[in-house]
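Residue numbers (my numbering): 1 to 164. First comes the structure, then the notes that go with it.
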Amino acid sequence: MSLKNVSLRRIAPFILMVLVLAACGAKPVTIADLPVYPNATALNPGDDPIADTLVENMAQDAQIRTSVGVGGSVEQKAFSLPADASWDALNKFFTDELTGNGWEAGMGGPGGNIAGDILNQVNADNDLFQTTMFSKGKQVLTIMRVADPVDPASLYLIISLSTN
């Protein structure tokens, strides 16, 4: 056995450890880093009541986290969707885009797949409100397709990114 092979065998575990630690230390994404569904139009605070509600949600979440003394954050964004944006198309788009970038379907952890299975069952029976979740590191992304209860042809996408 050559000295070169022995040296490589000794340092290989350290190289692997460095790569794993580098992956763990990756910066969390922001909502601006996430893919946007084709032809979805962002709703802006001050112009849309849904966007205004999401801004209030984020402020309340920040207040609660501060008063309890825990870190983390929630970012939320809303979009109007084209009329032909079916749940299946939306779910496929985000599954393809996110799993290709290191996200896993579900909430992560031991119960993550169970939650995903329950959501899939609920989604099948409800055309007005469907939800899926993805996780990556210390982040959980919730994707919701919501139909306006007054005008079910008006569809919205709400994205909520929780970072712990």
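Glycine included, every Cβ here is placed at the ideal spot set by N, Cα and C. These figures come from a predicted structure and were not determined experimentally.
Tell me the DSSP secondary structure of residue i in three-state form.
i, result
"M58", "helix"
"T30", "coil"
"K92", "helix"
"S73", "strand"
"S86", "coil"
"S67", "helix"
"A51", "helix"
"L98", "helix"
"K138", "coil"
"A40", "coil"
"M107", "coil"
"V150", "coil"
"F129", "strand"
Considering only residues of the same chain and omitting the five flanking positions on each side of residue i, which have a CB-CB separation below 8 Å?
i, result
"Y37", "F79, L81, A85, L90, F93, F94, L157"
"P35", "F93, F94, E97, L98"
"G102", "K136"
Does the beta carbon of residue i come closer than 9 Å to any beta carbon on chain C?
i, result
"P35", "In the structure shown, chain C does not exist; there is a single protein chain."
If I'm right that residue i touches residue j with Cβ under 8 Å, what's the distance once you round it to whole angstroms?
i, j, result
"V135", "E104", "Reading off the sequence, residue 135 comes out as Ser, not Val. With 8 Å as the limit, S135 and E104 qualify as a contact, their Cβ atoms being about 5 Å apart."
"A83", "A153", "6 Å"
"M144", "M107", "Not a contact, Cβ separation roughly 14 Å."
Excluding the 5 residues flanking residue i on each side, which residues of the same chain have their C-beta closer than 7 Å to its C-beta?
i, result
"V55", "P45"
"A51", "L43, N44, P45, A78"
What does a CB cutoff of less than 6 Å around residue i pick up in its chain, not counting 5 residues either side in sequence?
i, result
"Q139", "P28, T163"
"A42", "F79"
"F129", "V146"
"D61", "V74"
"W87", "Q130, R145"
"L21", "Confidence at L21 is low in this model, with a pLDDT of 38, below 50, so the placement of that residue is unreliable and no value is reported for it."
If you count every other CB in all the chains shown that lies within 10 Å of the CB of residue i, and 16 or more means buried, which is it?
i, result
"V150", "exposed"
"T131", "buried"
"A32", "exposed"
"A40", "buried"
"T63", "For clarity, residue 63 is Gln in the given sequence; the question names Thr instead. Label assigned to Q63: exposed."
"S67", "exposed"
Using beta-carbon positions only, say whether residue i and residue j come within less than 9 Å of one another.
i, j, result
"N57", "V74", "yes"
"L155", "L141", "no"
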